[in-house]
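**Student:**
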Amino acid sequence: MTRVVFLLVPQLHLLDLAGPAQVFSSAADLGFDYRLHYVAEREQVPTVQGVPLVAETRWPELTPDDLVIVPGWRPAAHGPEGPVSPADLRRLADHHAAGGTVASVCAGAYALGRAGLLDGRRCTTHHEVQDDLARRHPAAQVVRDVLYVVDDRVVTSAGIASGIDVALHLVATRHGPGAAAKIARTLVVYARRHGHEQQASAMMRHRSHLSDSVHRVQDLIDSRYAETLPLADLAAAGGLAERTLTRLFRAATGLTPLGYQQLLRVERAEHLIGHGATVEAAARTVGFSDARMLRRLRARPTRSAPAPNGSSRRGSGTPPAASRAA
């Protein structure tokens, strides 16, 4: 079981909380073992939008597999750093030190900064307070005008609707892109937005299109990216001829089906390597017969793939040309 603990403060924004909570609640509905907790200094928590919330006042026991999220608040209500107590700041720092993941939405990044978790790390927050966050925490590297940043189990996001994007990214990291795609489809989130080219999942980067046929093919690749997928099977999933699929897939995503599958494999392998797996073990886990292809793909420079309208797309990470099977 994974606990997702939301630390609530007075005058928080409902969508900063509701977006990520809906993602993890939907993940639980799909069979992933998540349990959501809402903790605060007091049981009654007022919100900016006027809907009062009820929270627990005692934290659950946490393990490194658990996730703590700090939703944002209206900076004018308390000053941007917010009314997060020293005890709760220690809990944030201790959870990260124990191997856990800590995330923020919008102004929640100030709590992570006060807990010492932004020093020496890349981070972001809502565009209206980015400069102030950088001024208050000069040891942090504030990345401006991106949706979310991931740095050593410290995850920060721009806030409001981007809380959904970062929660989907966290699900994709833990359970694979197929799980995140299924949840996004449940939420009717088709414009799955990237955070930044160095942190974005391929599922989010290449789903910002309206082709239902291509989405169906991507759903199949997302759920079976470690398998050999003949182009004929992919075409059947989309109800298309093979040549039509290749043309529509490239027009919608800037990639071939094989290129998309290889991006998923490489990103999953990078995650495994970052958590201690050898390159050889990671390669076999994601579907490569050995580590040679993975090494070649990791060594390729990232370059932009053409967007469907012909304009450039930042950081698409185009892998090698397609073959007849993905």
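Per the numbering used here: the sequence shown = residues -18 to 307. Ideal Cβ positions, reconstructed from N, Cα and C, are used throughout, including at glycine.
1) If you count every other CB in all the chains shown that lies within 10 Å of the CB of E248, and 16 or more means buried, which is it?
2) In chain order, what are the residue ranges of uninterrupted alpha helix (DSSP H) at least 4 long that sit wholly in the region 34 to 72?
3) If R134 sits next to G81, beta carbons under 8 Å apart, how far is it from one beta carbon to the other, in whole angstroms?
4) Any idea what DSSP makes of L149, helix, strand or coil?
5) How far does the beta strand (DSSP E) with F(-13) in it extend, from its first residue to its last?
6) I want to see whether chain E comes within less than 9 Å of H150, judged by CB atoms only; does it?
7) Please identify the residue among A142, L191, A148 and D126 whose C-alpha is closest to the C-alpha of V136.
8) Have a look at S66 and V4 and give me their C-alpha separation to the nearest angstrom.
9) Going by alpha carbons, who is nearest to L(-4) out of V86, A74, H76 and A233?
10) For T82, which residues does DSSP report across the bridge?
11) Using CA atoms only, rank isn't needed, just tell me which of P1, A264 and A120 is closest to I141.
12) Can you give the Cα-Cα distance for L17 and L43, rounded to whole angstroms?
13) DSSP has Q122 in a bridge; who is on the other side?
14) Can you tell me whether P238 is buried or exposed? The criterion is at least 16 other CB atoms within 10 Å of its CB, across all chains shown.
15) Taking only three categories from DSSP, how would you classify Q25?
16) Apart from the five residues on each side of it in sequence, which residues of its chain come closer than 7 Å, Cβ to Cβ, to Y91?
17) In the DSSP assignment, find the unbroken beta strand (DSSP E) run with L17 in it and report its ends.
18) If you drop the 5 nearest sequence neighbours on each side, which residues of the same chain put their C-beta closer than 8 Å to that of H107?
19) Per the DSSP calculation, S138 is bridged to which residue(s)?
20) Pair every Cβ in the region 225 to 238 with every Cβ in the region 189 to 204, then say whether three or more of these pairs are closer than 8 Å.
21) Bridge partners for L98 per DSSP, in chain order?
22) With distance defined between alpha-carbon atoms, name the residue in I164, L99 and R116 nearest to D132.
23) Return the chain-ordered list of same chain residues with a C-beta closer than 7 Å to the C-beta of G324, the five sequence neighbours on each side being excluded.
24) May I ask you to list the residues that DSSP assigns as paired with L(-7)?
25) In its own chain, which residues sit with a C-beta less than 6 Å from the C-beta of Q122, not counting the 5 before and 5 after it?
26) From Y15, S6 and Q25, pick the residue whose C-alpha is nearest to that of L(-11); which is it?
27) Please look up how many angstroms separate the CB atoms of S7 and L128, rounded, as I've assumed it's under 8 Å.
28) Once you ignore the five residues that flank L201 on each side, which residues in its own chain have a CB closer than 6 Å to its CB?
29) From the DSSP output, in three-state form, read off S293 for me.
30) Where does the unbroken alpha helix (DSSP H) through G159 begin, and where does it stop?
31) Measuring alpha carbon to alpha carbon, tell me which of A153, V198, L245 and H196 ends up nearest A207.
32) Mapping DSSP to helix, strand and coil, what is A222?
33) With a 10 Å radius around its C-beta and 16 neighbouring C-beta atoms as the bar for buried, classify S270 as buried or exposed.
**Tutor:** Straight from the coordinates:
1) On the sequence shown, residue 248 is found 267 positions in, with the first residue counted as 1. Burial state of E248 is buried, judged by a 10 Å Cβ sphere holding 16 or more other Cβ atoms.
2) With a minimum length of 4 residues, the continuous alpha helix (DSSP H) runs that stay inside the region 34 to 72 are 56 to 59.
3) Counted from its first residue, the sequence shown places residue 134 at position 153. Counted from its first residue, the sequence shown places residue 81 at position 100. About 7 Å separates the beta carbons of R134 and G81, which is inside the 8 Å limit, making them a contact pair.
4) As a working note, residue 149 is residue 168 in the sequence shown. It is helical.
5) Against the sequence shown, residue -13 aligns to sequence position 6. F(-13) -> beta strand (DSSP E) spans T(-17) to L(-12).
6) Of the protein chains in the structure, only one exists, and it is not chain E.
7) Here residue 136 refers to the residue found at position 155 when the sequence shown is read from its first residue. V136 has its Cα closest to that of A148, out of A142, L191, A148 and D126.
8) Here residue 66 refers to the residue found at position 85 when the sequence shown is read from its first residue. Here residue 4 refers to the residue found at position 23 when the sequence shown is read from its first residue. C-alpha separation (whole angstroms): 27 Å.
9) By 1-based counting over the sequence shown, the position of residue -4 is 15. That would be V86, whose Cα lies nearest to the Cα of L(-4).
10) The residue you call residue 82 lines up with position 101 of the sequence shown. In the DSSP output, where bridge partners are listed per residue, T82 has L48.
11) Taking the sequence shown and counting its residues from 1, the one referred to as residue 141 is at position 160. Closest in alpha carbon position to I141, among P1, A264 and A120, is P1.
12) Numbered from 1 along the sequence shown, position 36 holds the residue referred to as residue 17. Numbered from 1 along the sequence shown, position 62 holds the residue referred to as residue 43. Within the model, the alpha-carbon separation for L17 versus L43 is close to 12 Å.
13) Stepping through the sequence shown from its first residue, residue 122 is reached at position 141. Bridge partners of Q122: R103.
14) As a first step, residue 238 is located in the sequence shown; it is residue number 257 there, counting from the start. Only buried fits P238, as 16 or more other CB atoms lie within 10 angstroms of its CB.
15) As a first step, residue 25 must be located in the sequence shown, where it is residue number 44. Q25: strand per DSSP, three-state reduction.
16) In the sequence shown, residue 91 corresponds to position 110, counting from 1. Result list for Y91: P61, E62, G63 and L114, in chain order.
17) Numbered from its first residue, the sequence shown carries residue 17 at position 36. Y15 to V20 is the extent of the beta strand (DSSP E) around L17.
18) Position 126 of the sequence shown, counting from 1, holds the residue named residue 107. Within its own chain, the residues whose Cβ lies closer than 8 Å to the Cβ of H107, once the five positions on either side in sequence are excluded, are G53, C87, A88, A139, G140 and I141, listed in chain order.
19) Indexing the sequence shown from 1 puts residue 138 at position 157. DSSP output for S138 lists V86 and Y129 as bridge partner(s).
20) Segments in contact, yes.
21) As a first step, residue 98 is located in the sequence shown; it is residue number 117 there, counting from the start. DSSP, once it has assigned bridges, lists no residue as partnering L98.
22) As a first step, residue 132 must be located in the sequence shown, where it is residue number 151. Selected option, being the one with the closest Cα: L99.
23) In the structure as shown, the chain begins at -18 and stops at 307. Residue 324 is therefore absent and cannot be evaluated.
24) Residue numbering aside, residue -7 sits at position 12 when the sequence shown is read from its first letter. According to DSSP, which records beta bridges pairwise, L(-7) is partnered with T28 and W54.
25) Here residue 122 is taken as the residue at index 141 of the sequence shown, counted from 1. Contacts found: R103.
26) On the sequence shown, residue -11 is found 8 positions in, with the first residue counted as 1. Nearest C-alpha to L(-11): Q25.
27) Residue 7 sits at position 26 when you count from the first residue of the sequence shown. Residue 128 sits at position 147 when you count from the first residue of the sequence shown. With a contact defined as Cβ atoms closer than 8 Å, S7 and L128 miss out at about 20 Å.
28) The residue given as residue 201 occupies position 220 in the sequence shown. Same-chain partners within the cutoff: A218.
29) Taking the first residue of the sequence shown as 1, we reach residue 293 at position 312. Residue confidence is low: S293 scores 32 on pLDDT, short of 50, so the model does not pin down where it sits. Its coordinate-derived value is still stated next. In this structure, DSSP gives S293 an extended state, which the three-state scheme calls strand.
30) The residue given as residue 159 occupies position 178 in the sequence shown. P158 to T167 is the extent of the alpha helix (DSSP H) around G159.
31) Start at 1 with the first residue of the sequence shown, and residue 207 comes out as number 226. With distances taken between Cα atoms, A207 lies closest to L245.
32) For the purposes of this step, residue 222 is taken as residue 241 along the sequence shown, with counting starting at 1. It is coil, neither helix nor strand.
33) Start at 1 with the first residue of the sequence shown, and residue 270 comes out as number 289. Taking all protein chains in view, the Cβ of S270 is surrounded by fewer than 16 other Cβ atoms within 10 Å, so the residue is classified as exposed.
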